[in-house]
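In the order they appear, the protein sequences are chains A, R, C and U. Residues in the first sequence are numbered consecutively from 0, following numbering that gives the first Met the number 0. Residues in the second sequence are numbered consecutively from 0, following numbering that gives the first Met the number 0. Residues in the third sequence are numbered consecutively from 0, following numbering that gives the first Met the number 0. Residues in the fourth sequence are numbered consecutively from 0, following numbering that gives the first Met the number 0. Only one structure is covered here, and it is reproduced in the block below.
Protein chains: 4
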Amino acid sequence: MITTLGPCKHLSPRSGFVSDDEKIPANIVRAPDRPDDPGPLFELAGPREHLYFDPPRVRAGIVTCGGLCPGLNNVIRSLVRELHGGYEVREVIGFRMGYGGLDPRNHHEPMVLVHSSVDDIHQQGGTILGTSRGPVDIDAAVENLIRRKIDMLFCIGGDGTQRGAYALYEACKARGHALAVVGVPKTIDNDVLYVDRTFGYLTALEEARHVIDAAHNEARSVVNGVALVKLMGRHAGFIAAGATIASQDVNFTLVPEVPFRLDGKGGFVAALTARVRDRGHAVVVVAEGAGQDLFPAEPRATDASGNVKLKDIGPFLAKAIAEGFAAENLPLTLRYFDPGYQIRSTPANCEDAVLCDMFARQAVHAAMAGKTGMVVGLLHGTFIHVPTSLILSGAKQLDTDGLFWHSVLAANQQPDRFG
Amino acid sequence: MITTLGPCKHLSPRSGFVSDDEKIPANIVRAPDRPDDPGPLFELAGPREHLYFDPPRVRAGIVTCGGLCPGLNNVIRSLVRELHGGYEVREVIGFRMGYGGLDPRNHHEPMVLVHSSVDDIHQQGGTILGTSRGPVDIDAAVENLIRRKIDMLFCIGGDGTQRGAYALYEACKARGHALAVVGVPKTIDNDVLYVDRTFGYLTALEEARHVIDAAHNEARSVVNGVALVKLMGRHAGFIAAGATIASQDVNFTLVPEVPFRLDGKGGFVAALTARVRDRGHAVVVVAEGAGQDLFPAEPRATDASGNVKLKDIGPFLAKAIAEGFAAENLPLTLRYFDPGYQIRSTPANCEDAVLCDMFARQAVHAAMAGKTGMVVGLLHGTFIHVPTSLILSGAKQLDTDGLFWHSVLAANQQPDRFG
Amino acid sequence: MITTLGPCKHLSPRSGFVSDDEKIPANIVRAPDRPDDPGPLFELAGPREHLYFDPPRVRAGIVTCGGLCPGLNNVIRSLVRELHGGYEVREVIGFRMGYGGLDPRNHHEPMVLVHSSVDDIHQQGGTILGTSRGPVDIDAAVENLIRRKIDMLFCIGGDGTQRGAYALYEACKARGHALAVVGVPKTIDNDVLYVDRTFGYLTALEEARHVIDAAHNEARSVVNGVALVKLMGRHAGFIAAGATIASQDVNFTLVPEVPFRLDGKGGFVAALTARVRDRGHAVVVVAEGAGQDLFPAEPRATDASGNVKLKDIGPFLAKAIAEGFAAENLPLTLRYFDPGYQIRSTPANCEDAVLCDMFARQAVHAAMAGKTGMVVGLLHGTFIHVPTSLILSGAKQLDTDGLFWHSVLAANQQPDRFG
Amino acid sequence: MITTLGPCKHLSPRSGFVSDDEKIPANIVRAPDRPDDPGPLFELAGPREHLYFDPPRVRAGIVTCGGLCPGLNNVIRSLVRELHGGYEVREVIGFRMGYGGLDPRNHHEPMVLVHSSVDDIHQQGGTILGTSRGPVDIDAAVENLIRRKIDMLFCIGGDGTQRGAYALYEACKARGHALAVVGVPKTIDNDVLYVDRTFGYLTALEEARHVIDAAHNEARSVVNGVALVKLMGRHAGFIAAGATIASQDVNFTLVPEVPFRLDGKGGFVAALTARVRDRGHAVVVVAEGAGQDLFPAEPRATDASGNVKLKDIGPFLAKAIAEGFAAENLPLTLRYFDPGYQIRSTPANCEDAVLCDMFARQAVHAAMAGKTGMVVGLLHGTFIHVPTSLILSGAKQLDTDGLFWHSVLAANQQPDRFG
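And the structure:
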C-alpha cells in the first residue's frame with residue numbers, strides 16, 4: 000500500500016492516465032497443485048489524472064547517491080524534462096555530491112536545473128550532480144529541505160539511499176512539511192526485489208564482455224594462460240552470469256549464490272588446473288561478493304554507506320590459483336583484470352537509456368500524485384509503485400535452479416558445485 | 000494447448016525440470032471494476048523430466064528463413080550446443096538457404112553441425128546456414144525430412160516461416176512420421192504476440208542510434224538541414240520509437256500505428272518547416288511501414304515470403320519534404336539515410352546474445368518432450384510455449400496510449416497527431 | 000616560397016621555435032643512376048620567435064567549408080585554444096555556414112568563440128560553425144572582414160576553399176588590409192598534394208570497415224549474395240583501398256585510378272559472376288569517382304563549390320550487375336550500401352584527433368608570423384608550410400605500381416585490370 | 000648495409016619491383032647554417048626482381064615473441080598470405096609460444112600454416128601462435144631449424160627478439176645453413192628507431208582514450224576525484240602523450256622523458272592539489288616507465304626477456320597522492336586504472352591493420368631476396384630495410400622540444416616541469 004501525502008485536488012495537464020486501482024500481482028505462475036497465491040499486489044505506475052501538487056508551484060529536488068552506474072545522467076535528464084516539459088514545474092534543484100549535498104555545512108551549492116542544463120548529459124557517463132557514499136544527516140537535511148521549500152525529492156540510489164529517503168519523509172512529516180519522496184532504484188548489480196532489471200546492468204554486460212574478450216585473447220596467447228576477471232556483484236551474480244552467457248568464452252563463473260571450495264579434489268583449483276592441462280588456457284570470472292566465506296570470520300568493517308566491506312576476492316583468488324599451480328609444478332601465466340570503475344562510468348546503452356527515461360518519468364508522475372515512501376519498480380515488464388519498506392525487505396539473487404543459471408552452466412561447462 | 004507427438008517415455012539426462020502444469024496468464028493486470036480475465040494460459044518453457052524422444056537416437060534439423068536479424072548465429076549455436084551438450088544428440092543437420100534448402104532440387108547441400116562448427120559463429124552477424132525468402136514446397140520438404148529421418152526441426156523465422164513449419168508437421172503426421180516442429184520467433188521489428196522482446200531488436204536500436212547520431216551531426220552542420228532516417232518496422236514502430244527515446248535527438252517519429260497527414264495546416268510538412276525555421280535543423284525517423292495509406296490504393300504485390308510489398312516511404316517522404324520546402328521558398332539541405340541492411344547484419348549485443356541462447360535452449364527442451372506446432376514465447380519476462388496458431392493470430396503494435404509511446408512524444412516533442 | 004605580410008617585429012610569448020630556414024625537400028629518394036632532384040623545398044611548420052602580429056591585438060576568424068569530414072570540430076577547438084591559450088588572442092570569431100557566412104546578406108550571424116564554447120565539441124561529428132558549398136563573394140566578404148577588423152582567417156576546406164582563401168588575401172591586400180589567410184586542408188578523400196594524410200581519412204576507414212563487415216555478413220548469408228558498397232573518393236581511391244586492406248573481406252575494389260571495362264571476357268561483370276559461381280557471394284567496393292568514363296560523354300554540371308558533378312556510379316553499377324547476372328541466368332541477391340553521409344559525420348578517432356590538433360596549432364603559428372596564401376601540409380611525417388598555389392597544382396592519387404595498391408590486390412585477389 | 004645470403008639467381012613471380020639502389024636518408028631537414036648530413040641511407044623495401052631463394056622450395060617459419068600487441072595476428076596472416084599467395088611457397092610453419100617454441104624440449108609442437116588457417120584471425124586480438132618472454136636457446140633452436148630445413152624465419156618482436164634473431168642467423172651461418180632472418184618490429188610503445196610508427200600503437204591510443212573517458216567521468220562525479228591511469232611506455236611516453244592529445248581531458252601526463260619531483264613547491268603533488276582545489280577533480284596519466292628515479296637506487300631485477308623490471312609507478316604514485324592530500328587535509332576520492340592487458344589484447348584498428356599488412360609483405364619480399372640480419376622499418380612514411388644492429392643502437396623517445404609534446408602541454412596545461 001503506497002503512502003500518499005493527501006487528497007489529490009489538482010487536475011493533471013497530461014493525458015493517458017493510469018488508475019490507482021489497476022494492479023499486478025507479485026506471483027503470476029499458476030499450478031493446479033498449488034493454491035493461487037498472488038503475493039503482494041502493486042499499483043501500476045504512470046500519469047495520474049488527479050494530482051496532490053499544483054504543478055506550477057512545485058519545487059523539486061534531485062539527488063544521486065552511492066557508486067556510479069551507467070544511466071545516472073539519463074535519469075536526471077528525464078526527471079528534469081518531465082518536470083519542466085510534462086508538468087511545467089518551474090524550479091528543479093539538483094543537490095550535489097549525494098546526501099552530503101543536502102547538508103549545507105558541506106558547502107556543495109545545489110545546481111538549478113533547467114531544460115538546457117541537461118541537454119547532452121545523457122551521452123556521458125557519471126552524474127553531473129556528483130555522488131558520494133554515506134548516510135544523510137536527517138536533521139540538517141530536513142531543515143534545508145524545508146528552508147528551500149522543496150516539495151518533492153527524487154532519490155536515485157540503492158538500499159541505503161532509499162532507507163534514508165524514507166527517513167527524510169518521516170522527519171519532514173513530523174515537522175509538518177509535506178515532502179514526496181520517490182526513489183529510483185539504482186544498482187549495477189541488478190539485485191533489487193520487484194525490479195526486473197535495474198538501469199545500468201545491460202551496459203555493464205557490454206563493457207564486461209569487452210574486457211572478457213581481451214582477457215580471452217590474452218589467456219589463449221600465453222603459456223598456460225589464466226585470465227581472472229573480477230566483476231561487480233556484491234550479493235548477486237547477475238553481471239558475471241550474463242557476461243558468461245553473452246561471451247561464451249568464460250570457463251568458470253563464481254558468484255555469491257554458489258559457495259565453492261578452493262582446495263582438494265572437486266575444488267575449484269583442481270578443476271582449473273585440469274582445464275589448463277587439457278586446453279592450455281582458461282578464463283575465470285568472479286563476482287566481487289563470491290567466496291566471502293573463504294576469508295577468516297572476523298568482524299567486518301562497513302563503508303560510509305553502511306554496507307559491509309567485502310574482502311577483495313580478486314587478489315585472494317589470484318594468490319590461491321598461483322599456489323595451486325605451483326603445488327602441481329604447472330607453469331602459469333596469470334592475468335588479473337579489475338574493470339569495475341571502467342564499467343561503472345560508461346554511458347548508457349540504448350536499452351538502459353530507454354529504461355532510465357521510463358523510470359524517471361514514472362517517478363515524476365508518482366510524486367505529482369503525492370505518493371511518497373516508495374520507489375518505482377518494474378515487475379513482469381510493467382512499471383509499478385513499490386513501498387520502500389517492501390523493496391528493502393530482501394534482495395534478488397540468481398535462481399540456481401532456473402533457466403538463466405542453466406544457460407551459464409551450459410556456456411562454461413563448469414560443474415554444478417566445486418567441492 | 001500445445002500439441003504433443005505422444006507419450007513421454009524417456010527420462011531426461013538433465014535436471015532442473017519444469018512441469019507442464021505450471022502456467023502463466025496472458026493478462027496479469029487486475030482492476031476492481033473489471034472481471035478478472037486472465038486470457039490464455041501458457042505453459043512454462045524449460046527442461047522436462049520425461050521426453051518423447053530418446054536423445055541419442057535423435058536426428059535434428061535447423062533452418063533459418065527470411066531477412067537477416069542480429070543473433071541468428073547465436074540461436075544456431077545454442078541449439079547445436081544444447082542438442083549435443085545437453086542431450087547428447089548425435090546428429091544435427093543445418094539446412095541451408097532457408098526453406099529452399101529443404102527441397103533437394105535446389106542443390107543446397109545441408110551442413111552437418113558439430114560442436115566445433117559453431118564455435119565462434121556467435122561473434123558474427125548473418126547466418127552460417129544462409130537464408131532466403133519464399134515458401135516451403137511441402138511435398139518435397141516432407142519427402143526429404145522423412146528420407147533423412149529428421150525427428151525434430153527448429154524453424155527460426157517470422158510469420159510465414161512458422162505457418163510453413165506447422166504445415167510441415169501436419170504433412171509429416173499425415174505420412175506417419177512424428178516430426179516435432181518448434182519455432183524460434185524471429186523479427187527485428189519486435190512485433191510478435193506473446194513475445195516481450197524478439198532477439199535482434201535491442202541490437203537494432205544500438206545500430207539505429209549510431210546512424211541517428213550521424214544524421215543529427217549532419218543535419219545541424221548544414222543550412223536548414225533535414226536528416227531523414229528510414230528504419231525497420233513493417234507493421235509496428237518499436238525500432239523507430241525505441242531509437243527516439245534512446246537518442247533524444249529525433250524530432251519527428253513516424254510509425255505505422257499513427258497515420259499522418261502530409262499537407263495542410265497541422266500536417267507533417269508544416270510542422271517540419273516550422274521546426275526548421277525555428278531551430279535550423281531537424282531529424283526525422285520513419286518506420287518503413289509508416290504512411291502506407293499515403294500511396295494510391297492499388298493492388299499490392301507480395302514478396303517471395305508472401306508479405307505484401309510495402310511502398311517505399313523513404314524516397315516518397317523525401318520528395319514530399321523537398322516539395323514542401325520549395326513551396327515555402329525555404330532552402331533545404333536534405334540527407335537521406337537507409338541503414339536497413341547494415342542494421343540487420345550486425346552481430347548481437349549482449350542482451351540479444353543472452354536472449355538468443357535462452358530461446359534456443361528452451362526450443363530444444365520443448366522438442367525433446369515431443370511438443371510440436373509451437374514456438375517459444377517470452378511473456379511477462381517468462382519463457383513459455385505458444386501454439387503456432389495463437390502466435391499467428393495477430394501482431395503486437397505500439398500502444399499509443401501507453402508509457403512507451405508517451406516517452407517517445409516527450410523526447411521528440413512532436414504533436415500527438417499530424418492533421 | 001611562402002608570402003609574408005611584412006616584417007616580424009613582435010616577440011612570441013611561446014617557446015620551442017622553428018626557423019624559416021629549416022626545410023625539407025619534396026623528394027627524398029636517392030638513386031645512383033638518377034640526378035639528385037629534391038623538388039620543391041618546404042619550410043617547417045611550428046612556432047616562430049618573431050611575429051608579424053601583436054597577439055593581444057589580433058582578431059581572428061575561422062570558417063569551415065564544403066562537405067563534412069571527421070575532425071572539423073577538433074580543428075576549430077584547437078585553433079581557438081591555441082589562439083586564446085597559446086597567444087592570448089582576445090577575439091576569435093567563427094563565421095557560420097561556410098563562405099556564405101562571410102557575406103552579411105546571408106544573415107548567418109558569426110559566433111564569438113571563447114575557451115568554454117569549444118570545450119566538448121571535439122567529441123562530436125559535424126562542425127559547430129556549420130558549413131556549405133559554394134564560392135565566396137569576394138567583395139562582400141572583404142568588406143565584412145575589413146569592417147570587422149579581422150587580421151587572420153583560418154579556412155578549413157578543400158580545393159575551392161583554398162582558392163577562394165587566396166583570392167580573399169589578394170583582394171584585402173588591394174584594399175590595404177593585411178589579412179593572413181592560412182588554410183587547413185580538408186578532404187576525406189586524402190588526395191591533397193604534400194599532405195601525407197588529411198584528417199578524417201582514418202576515421203572514414205574505421206566507419207567504412209564497419210559497413211563492409213555488415214555487407215560481408217549480408218552477402219554470405221543469402222543466395223548468390225553480392226554486396227555493393229559505395230565509398231568516398233572523387234579522384235582518388237584511398238578510402239576504398241585502405242578499407243580493402245583493413246577488412247580483408249572485399250573481393251573487388253574499383254577506384255578512379257584504374258579504369259575498368261564492365262562487359263565482355265575479362266570485364267568486371269564476368270569476373271564477378273565467376274566469383275559468385277565459385278564462392279557463392281562477393282563484396283564489391285566502389286569509389287564514387289570510379290568508372291566515370293562508363294557514362295555518356297556529355298557536358299557535366301558543376302555543384303555550388305564548382306566541382307564537376309560526378310555521375311552516380313553506385314546505382315549504375317548495381318544495374319549493370321543485375322543485368323549481367325540476368326544475362327547468365329544466374330540468380331542474384333544484390334544489396335547496395337551508400338554510407339557516405341554516415342561516414343562523414345562520425346567523430347574523429349584518436350589519430351585523426353591528434354592530426355587535427357597539430358594541423359590547427361601549426362596554422363595559428365603560421366598566421367601569427369604573418370604567413371599568408373598558404374596551407375599547412377604534412378610531408379614525410381613533418382608539418383610544413385605549402386604555398387596555396389602549389390597545393391592546388393595537382394592532386395594526390397594512388398600509385399598503382401606502389402606497395403599500398405599491391406596490398407589491395409593481395410587482399411582482394413582481383414586481376415590487375417578488368418578488360 | 001644489409002647483409003644478403005648470397006647472389007640472387009631466381010626470378011621473382013611478382014611485379015612492381017624496387018631496386019636495392021633506391022635509398023632514403025635518415026635526416027631530411029636541410030638548413031643553410033648546417034652542413035647537409037643525411038645520416039645513414041636505407042634501401043627501400045618492396046618486391047625484388049631477383050631472389051635468393053627459389054620460392055616453391057622455400058620452407059618458412061614464423062615466431063611471435065614478448066608481450067601482446069594489437070595486430071600480431073594481422074602480421075601472421077599477411078606473412079602467410081604473401082608467402083603462399085604472392086610467392087607460392089609450399090610450407091609455412093608457425094613456431095608456438097615465442098622463442099620457447101624453437102626448442103623441441105619445450106614440446107610446443109609447431110603449426111603448419113595454410114591459407115585457410117589464417118582466414119579470420121586478423122579480427123582477433125592476441126596471437127594464434129602464442130608468445131612468451133625469454134631468450135632463445137641458440138644451439139637447440141639452430142639444431143631444430145636445420146633439422147626442419149627452415150630457410151627463412153620471421154621474428155615478430157622487440158629488442159631482445161631482434162637481438163636473438165641476429166644470433167640465430169650467425170649461428171646458422173657458422174653451421175653452413177643459409178637462414179634469412181627478417182624482423183618485424185613489435186612494440187606497443189612506438190619507441191623503435193627508424194620506425195615512424197609501430198603497429199598496435201594507434202589501436203592502443205583508442206583503447207586508452209576509452210579508459211580515460213571512463214576515468215574522467217568517474218573523477219568528475221565524486222568529491223575531489225582524482226583518476227590515475229597507468230598506460231604503457233617503458234622508455235618513451237608516446238601512448239600517454241597521444242592519448243592526452245586525443246582525449247583533451249587529461250590534466251597531468253607523466254612520461255619517462257620528463258623527470259618530475261613529487262614533493263615541495265612546484266612538485267607534482269602540489270600542482271595536483273591546487274588543480275583539485277580549483278576544479279574539483281583531475282585526470283592523471285602516467286606511463287609505466289615514468290618516475291623510475293623516484294624509487295631507491297637498488298640493483299634491479301630483469302624479466303625473462305632480459306628487460307630491467309620496472310618498479311610499479313602506479314601504486315607508488317597513488318600512495319604519494321593520498322599522502323599529499325592527507326598532508327593538506329584535503330579529502331580525496333582516488334580511482335586507479337591499470338588497463339595494460341586490456342589494451343594489449345584488442346584487435347587492430349584499421350590503420351594498424353594496414354600497417355601490419357604492409358610490414359608483413361615487405362618482410363617476405365626481403366627474405367625472398369636473401370636479406371638477413373635486418374628488420375623492416377618505416378621512415379618518413381616509406382618502408383625500408385634496417386640492419387638489426389642499427390635498430391638496436393638506440394631507442395626513439397619523445398622530443399620534448401617538438402610539436403607533438405607541445406600539443407600535449409597545450410592540451411593538459413601542465414607546467415613544463417614539476418620542480
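Glycine included, each C-beta is placed from N, C-alpha and C at the ideal position.
About 5 Å separates the beta carbons of Gly70(U) and Gly199(U), which is inside the 8 Å limit, making them a contact pair. Contact between Gly93(U) and Leu67(U) does not hold, since their C-beta atoms are separated by about 16 Å, which reaches or exceeds 8 Å. A direct Cα-to-Cα measurement between Pro55(C) and Arg208(U) gives close to 34 Å. For Pro184(C), the closest of Leu389(C), Val88(C), Val91(C) and Ala286(C) by C-alpha to C-alpha distance is Leu389(C).
The Cβ of Ser131(C) sits no closer than 9 Å to any Cβ of chain U. Glu205(U) has a beta carbon lying within less than 9 Å of a beta carbon in chain C. By the rule that beta-carbons nearer than 9 Å mark a contact, Arg416(R) does not touch chain A. The bridge partners DSSP lists for Ile92(C) are Gly60(C) and Val111(C). Secondary structure remark: continuous beta strand (DSSP E) runs of at least 3 residues inside the stretch 308–360 of chain C, in chain order: 332–336. Judged by their CB atoms, Phe16(U) and Met151(U) are not nearer to each other than the 9 Å cut-off.
By the criterion of a C-beta distance shorter than 6 Å, Leu377(C) is surrounded in its chain by Val194 and Asp195, once the five residues flanking it on both sides are discounted.
The contact set of Glu217(C) on chain R, defined by CB atoms closer than 9 Å, consists of Leu67, Gly124, Gly125, Tyr340, Gln341, Arg343 and Ser344 in chain order. Residue-level contact check: Ser246(R) does not touch chain C, since none of the beta carbons of chain C fall below 9 Å from its beta carbon. Rounded to whole angstroms, Pro255(U) and Phe237(U) show a C-alpha spacing of 10 Å. For Ala410(A), the closest C-alpha among the options Ala352(A), Arg278(A), Gly323(A) and Ile244(A) is that of Ile244(A).
In the three-state DSSP reduction, Cys171(A) falls in the helix class (H, G or I).
Here DSSP, grouped into helix, strand and coil, assigns Ala286(C) to strand. Under the 8 Å Cβ criterion, the stretch 206–223 of chain U counts as touching the stretch 317–337 of chain U, having at least three qualifying pairs.
Assignment of Arg13(C) by DSSP, reduced to helix, strand and coil, places it in the coil class.
Within the stretch 171–245 of chain C, the complete alpha helix (DSSP H) segments at least 4 residues long are 200–218, listed from N- to C-terminus.
Any Cβ of chain U closer than 9 Å to the Cβ of Ala286(C) would place that residue at the interface, and such an atom is absent. For His384(R), the enclosing beta strand (DSSP E) stretches over residues Thr381 to Pro386. The Cβ-Cβ distance between Ala359(C) and Leu50(C) does not fall below 9 Å. Note that the C-beta distance between Gly97(C) and Gly133(C) is below 9 Å. Contact residues of the stretch 83–97 of chain C toward chain R are Met96 (C-beta to C-beta distance below 8 Å).
By the CB criterion at 9 Å, His384(C) and Leu43(C) fall inside the cutoff. In the structure shown, the three-state DSSP call for Leu152(C) is strand. Sorting Arg80(C), Glu48(C), Ala273(C) and Ala303(C) by C-alpha distance to the C-alpha of Ile61(C) places Arg80(C) at the top.
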